[in-house]
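Peer 1:
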Amino acid sequence: QKVQQYIVIVQATDMEGNLNYGLSNTATAIITVTDVNDNPPEFTTSTYSGEVPENRVEVVVANLTVMDRDQPHSPNWNAIYRIISGDPSGHFTIRTDPVTNEGMVTVVKAVDYEMNRAFMLTVMVSNQAPLASGIQMSFQSTAGVTISVTDVNEAPYFPTNHKLIRLEEGVPTGTVLTTFSAVDPDRFMQQAVRYSKLSDPANWLNINATNGQITTAAVLDRESDYIKNNVYEATFLAADNGIPPASGTGTLQIYLIDINDNAPELLPKEAQICEKPNLNVINITAADADIDPNVGPFVFELPSVPSAVRKNWTITRLNGDYAQLSLRIMYLEAGVYDVPIIVTDSGNPPLYNTSIIKVKVCPCDENGDCTTIGAVAAAGLGTGAIIAILICIIILLTMVLLFVVWMKRREKERHTKQLLIDPEDDVRDNILKYDEEGGGEEDQDYDLSQLQQPETMDHVLNKTPGVRRVDERPIGADPQYPIRPVIPHPGDIGDFINEGLRAADNDPTAPPYDSLLVF
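For the sequence shown, the numbering used here gives the first residue as 5, with consecutive numbering after it.
(1) In this structure, how does DSSP classify A508 when only helix, strand and coil are distinguished?
(2) Using 7 Å as the threshold, is the C-beta distance between V112 and Y85 below it?
(3) Kindly list the residues whose CB is nearer than 6 Å to the CB of L27, restricted to its own chain and excluding five residues on each side of it in sequence; keep chain order.
(4) Hey, is the stretch 303–321 in contact with the stretch 343–356, meaning 3+ C-beta pairs nearer than 8 Å?
(5) Can you tell me whether DSSP reads A290 as helix, strand or coil?
(6) Mind checking V464: buried by the 16 CB within 10 Å criterion, or exposed?
(7) Flag this pair as touching only if the stretch 119–137 and the stretch 29–39 have three or more C-beta atom pairs under 8 Å; answer yes or no.
(8) Does V197 pass the burial test, meaning 16 or more other C-beta atoms within 10 Å, or should it be called exposed?
(9) What residues in its chain sit with their C-beta under 7 Å from that of D101, if we drop five residues either side in the sequence?
(10) Helix, strand or coil, according to DSSP, for W208 in the structure here?
(11) Shortest alpha-carbon distance to W81 belongs to which of I333, N41, A267 and T110?
(12) Do you know how far the Cα of I218 is from the Cα of T69?
(13) To test your reading of the DSSP string, which unbroken beta strand (DSSP E) runs of 3 or more residues are found completely within the stretch 130–162?
(14) Report the rounded CA-to-CA distance for I361 versus E173, giving the unit in angstroms.
(15) When DSSP builds the beta bridges, which residues end up paired with E172?
(16) Can at least three beta-carbon pairs, one atom from the stretch 140–160 and one from the stretch 184–198, be found at a separation below 8 Å?
(17) In chain order, what residues of the same chain lie with their CB nearer than 6 Å to the CB of I98, ignoring the 5 residues before and after it?
(18) Under the rule that 16 or more other beta-carbon atoms within 10 Å means buried, what is G216, buried or exposed?
(19) According to the neighbour-count rule (16 or more other Cβ atoms, all chains shown, within 10 Å of its Cβ), is Y117 buried or exposed?
(20) Excluding the five sequence neighbours on either side, which residues of its own chain have a C-beta within less than 7 Å of the C-beta of Y10, listed in chain order?
(21) Give a yes or no on whether the C-beta atoms belonging to T253 and L241 are separated by under 7 Å.
(22) So, under 8 Å CB-CB, L177 and A213 are touching, yes? Tell me the CB distance rounded to an integer number of Å.
(23) Could you give the DSSP three-state label for F302: helix, strand or coil?
(24) For N59 versus A83, is the C-beta distance shorter than 7 Å?
(25) Use the C-beta contact count for A3: other C-beta atoms within 10 angstroms, 16 or more gives buried, fewer gives exposed.
(26) Taking the continuous alpha helix (DSSP H) assigned at S330, which residues delimit it?
(27) In this structure, does DSSP put I87 in helix, strand or coil?
(28) Is the beta carbon of Q257 sitting closer than 7 Å to the one on L168?
(29) For M124, tell me which candidate among S93, D496, K6 and W208 has the shortest Cα-Cα distance.
(30) When burial is assigned at 16 or more other CB atoms within 10 Å of the CB, is H419 buried or exposed?
(31) Using the Cα positions of I295 and I391, report the straight-line distance between them to the nearest angstrom.
(32) Report the three-state DSSP secondary structure of G498 (helix, strand or coil).
(33) Three or more C-beta pairs closer than 8 Å, one from the stretch 233–249 and one from the stretch 319–327: is that the case here?
(34) Once DSSP output is grouped into helix, strand and coil, what is the label at I391?
(35) In the DSSP assignment, what residue or residues form a beta bridge with V127?
(36) Which residue's Cα is closest to the Cα of A338: V180, P310, C368 and R73?
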């Protein structure tokens, strides 16, 4: 700790050290003093203090400083900290800063203000290397650490989450199911907790905002699409009025016990059978939205009204879920028949439903399959109806044929009429060929001076006749166009057109007077 290295110069002289006759030489000896752990670490103060908010982890609450006179950054100097007492639940640990050798008291397990408002820790420090022989630990190698816990607003929580209740489906609206209340862990804060719905997919429930009592807002149906494995789930929110406010959620699971509230439905809805018995039968069953014991075995029977049902049809029971529908009489006319069947389940009390099955009765081949004609007949059309349809088709085709013949005759009569003029002179629907084309360079000699803007209106009023601009409306009286008679004679049409053409050609005010025309 005082001198870490000695440099010794040694001189050797012969002739018994006679400086006058003897010869001498020197050598240097470097002696390094090796450190041993003969200085235990000591805290710079006997007490330390810190503060930590509840429910926080990985927070450094206090820094412990020590002094060690051994060689820095060596095993004889590196400090190791331990908590001797005051933390039986292991909320804290002390980690060593490798640079400064300080001890950092860190929270590794959240503390609860309502359980512990403060901790009094006793800590001890030692080196990585053991102390040298004969060296005792110093009383300053032990210190006390006081850690205060500050209270923060914690969210309310539901003690039973998820909460499961069981009840029968179909309970009336307004029934009280349970009280789903939350607990506010802040016992030392005077706070109120209020409840609300967070998730209620079917909107079946209501919750009292002050006490958490849950009542039904609609009839709970086990057969609803919102039910999964007979369980309906809803989530509720509990929030306090702290600063800042905190909230917690809880899930309520309602297991619905099935009751017999769904009558069975007959399957299938449509079937096909041959018009003669003993060729084939119809297998029927039932579907019930309820579960055991409110389903099968089912009872299938034919109603007594109308009497033709039991006269024409019969039902044979196969087992608890299936039966067979077949013809009772030897022959039934092809067609579609609505056969009512009463299906009753085994619930308590049992429910029944009268279902209609549409049976197509048709002629069959030797394999028991409907023939083509039989399929048409089974569609509900009897022989008389088929004949009437065929007659209508024949009449319609005859009318179409007569119309075509009439159109052909009319076209022929129109072509036999001769025109009053020569077809070669008829310009209607013909292409006229003039054999004329535009000129070349000589047609492009324009007098662009006609396009210049005059400075005064006198130029416009005094210009020579026949020379006018095309970008302004000329000044002059409007020409008089001929008036067509109300009921013109066919011979006057040509004269009327020629007079109108001459008037338009001589009209100086006629458009286009606002554009330049290039031909």
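C-beta atoms are modelled at their ideal positions from N, C-alpha and C, and glycine is treated no differently. As the structure is a computational prediction, the values presented were derived from the model and not from experiment.
Peer 2: Checking against the coordinates, here is how it stands:
(1) A508 falls in the helix class under three-state DSSP.
(2) Against a cut-off of 7 Å, the Cβ pair of Y85 and V112 comes out as no contact.
(3) Result list for L27: D18, in chain order.
(4) Short answer: they touch.
(5) Note: A290 maps to strand in three-state DSSP.
(6) Reliability fails at V464, whose pLDDT of 48 lies under 50, so the model's placement of it is uncertain and the value that follows must be treated cautiously. Only exposed fits V464, as fewer than 16 other CB atoms lie within 10 angstroms of its CB.
(7) With contact defined as three or more Cβ pairs closer than 8 Å, the stretch 119–137 and the stretch 29–39 are not in contact.
(8) Of the other Cβ atoms in all chains shown, 16 or more fall within 10 Å of the Cβ of V197; this residue is therefore buried.
(9) Taken in chain order, the residues that qualify are M108.
(10) Of the three classes helix, strand and coil, the one that applies to W208 here is coil, per DSSP.
(11) It is N41 whose Cα lies nearest to the Cα of W81.
(12) About 58 Å.
(13) List check, beta strand (DSSP E) in window: 146–154.
(14) As the crow flies, the alpha-carbon of I361 is around 31 Å from that of E173.
(15) Among the bridge pairs identified by DSSP, E172 is matched with I261.
(16) Yes, since at least three Cβ pairs between the stretch 140–160 and the stretch 184–198 fall closer than 8 Å, the two stretches touch.
(17) Answer for I98: Y85, G107 and V109, listed in chain order.
(18) G216 is buried by the Cβ-count criterion.
(19) By the neighbour-count definition (other C-beta atoms within 10 Å, threshold 16), Y117 is a buried residue.
(20) For Y10, same chain residues with a beta-carbon under 7 Å away, outside a window of 5 residues either side, are I35 in chain order.
(21) Yes, the Cβ-Cβ distance between T253 and L241 is below 7 Å.
(22) In the sequence under discussion, the amino acid at residue 177 is Thr, which differs from the Leu named in the question. Wrong, their Cβ atoms sit about 19 Å apart, outside the cutoff.
(23) Three-state result, F302: coil.
(24) Going by C-beta atoms, N59 is not nearer than 7 Å to A83.
(25) This structure does not reach residue 3, given that the chain is present from 5 up to 523, and the question cannot be answered.
(26) Judged by DSSP secondary structure, S330 falls outside any alpha helix (DSSP H) and instead within the beta strand (DSSP E) spanning A327 to L331.
(27) If DSSP states are grouped into helix, strand and coil, I87 belongs with the strands.
(28) Their beta carbons are under 7 Å apart, which means Q257 touches L168 by this criterion.
(29) Of S93, D496, K6 and W208, the residue nearest in Cα terms is S93.
(30) Per the 10 Å Cβ criterion, exposed.
(31) Each residue's alpha carbon lies about 52 Å from the other.
(32) In the three-state scheme derived from DSSP, where H, G and I count as helix and E and B as strand, G498 is classed as helix.
(33) Here the stretch 233–249 does not lie against the stretch 319–327, with fewer than 3 beta-carbon pairs under 8 Å apart.
(34) Looking at I391 - three-state DSSP - the assignment turns out to be helix.
(35) The partner list for V127 (beta bridge, DSSP) reads I87 and A147.
(36) Nearest C-alpha to A338: C368.
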